[in-house]
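Colleague:
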Amino acid sequence: NEAETARVLKDGWLHTGDVGHLDEAGRIVITDRKKDLLINDKGDNIAPQRVEGMLTLEPEIVQAMVYGDRRPYLVGLVVPDADWLREWAATEGRAGPVPHDDPALVRALTAAVDRVNGSLSVIEKVRRIIVADEPFAIENEELTPSMKIRRHVIRKRYGERLDALYRKG
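Numbering-wise (the numbering used here), the sequence shown opens with residue 241 and increments by one.
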């Protein structure tokens with residue numbers, strides 16, 4: 241298929257759609273997909289998977305998606321770790337399920353996000369968050385079978401709530 245070959249081979253380079261860098265040993269390290277890059281309102285490229293990966297290293301957060309294409313800053317959708325959430329609820333004296341918009345829960349998760357923000361550039365910092373209603377899963381179509389985030393599905397489900405974070409001032 242000559243048309244498809246011409247599309248991916250340009251100037252002797254294979255265009256895979258991946259974003260990455262060469263490590264100190266000269267190996268290619270894939271860090272993101274070009275189609276997933278966010279471009280803020282000033283035209284800066286932001287690799288969401290880097291930020292999301294750092295967020296999920298925090299014990300409070302098991303999954304995360306950042307949002308902010310053509311926006312002044314990033315906001316995030318986080319899924320709290322179930323064990324952490326149980327421990328946090330017990331420490332707070334909460335019985336039963338904690339509502340995902342509970343201000344104390346959002347503050348506790350924001351503290352984890354703030355720790356990550358300390359290691360991020362200004363354009364990568366997550367300014368506000370909401371808590372997901374449930375974990376991202378293949379069953380709710382928010383993950384692919386290879387466990388990648390389906391951003392378009394998540395944006396459709398949570399878009400209004402994420403957009404509202406920009407209106408909070």
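Glycine included, C-beta positions come from ideal geometry on N, C-alpha and C.
Using the three-state DSSP reduction, which class does I363 fall into: helix, strand or coil?
Modeller: Helix.
Colleague: Just tell me which of N380, R397 and V353 has its CA closest to the CA of G316.
Modeller: Cα-wise, what sits closest to G316 is V353.
Colleague: Rounding to the nearest angstrom, what Cα-Cα distance links K408 and S386 in this structure?
Modeller: Each residue's alpha carbon lies about 35 Å from the other.
Colleague: Measure the beta-carbon distance from G393 to E374 and round it to whole angstroms, keeping in mind my assumption that it falls under 8 Å.
Modeller: Going by the sequence as given, residue 393 is Val instead of Gly. About 13 Å separates the two Cβ atoms, so there is no contact after all.
Colleague: Decide if the region 328-337 is in contact with the region 353-368; the criterion is three or more beta carbon pairs, one per stretch, under 8 Å apart.
Modeller: No, the region 328-337 is not in contact with the region 353-368.
Colleague: If I'm right that V371 touches V291 with Cβ under 8 Å, what's the distance once you round it to whole angstroms?
Modeller: Wrong, their Cβ atoms sit about 17 Å apart, outside the cutoff.
Colleague: Which residue marks the beginning of the beta strand (DSSP E) containing G316, and which one marks its end?
Modeller: That run of the beta strand (DSSP E) goes L314 to P320.
Colleague: From N285 to V346, what does the alpha carbon distance come to, in whole angstroms?
Modeller: Rounded to whole angstroms, N285 to V346 spans 27 Å at the Cα level.
Colleague: Enumerated in chain order, which unbroken segments of the alpha helix (DSSP H) with a length of 4 residues or greater are wholly contained in the region 326-402?
Modeller: For the region 326-402, whole alpha helix (DSSP H) runs of length 4 or above, ordered along the chain, are 343-357.
Colleague: In whole angstroms, what is the alpha-carbon distance linking D323 and L277?
Modeller: D323 and L277: Cα-Cα distance of roughly 31 Å.
Colleague: Could you check the C-alpha separation between L297 and E242 for me, to the nearest Å?
Modeller: Going from the Cα of L297 to the Cα of E242 covers about 44 Å.
Colleague: Do L295 and E364 have their C-beta atoms within less than 8 Å of each other?
Modeller: Not a contact, by the Cβ cut-off of 8 Å.
Colleague: In three-state terms, what does DSSP make of L297?
Modeller: Note: L297 maps to coil in three-state DSSP.
Colleague: R355 CB to nearest chain C CB: under 8 Å?
Modeller: Among the chains of the structure shown, chain C does not appear; only one protein chain is present.
Colleague: Distance, Cα to Cα, K282 vs P299?
Modeller: Each residue's alpha carbon lies about 33 Å from the other.
Colleague: May I ask which residues mark the beginning and end of the alpha helix (DSSP H) holding R247?
Modeller: Where R247 is concerned, the enclosing alpha helix (DSSP H) stretches over E242 to V248.
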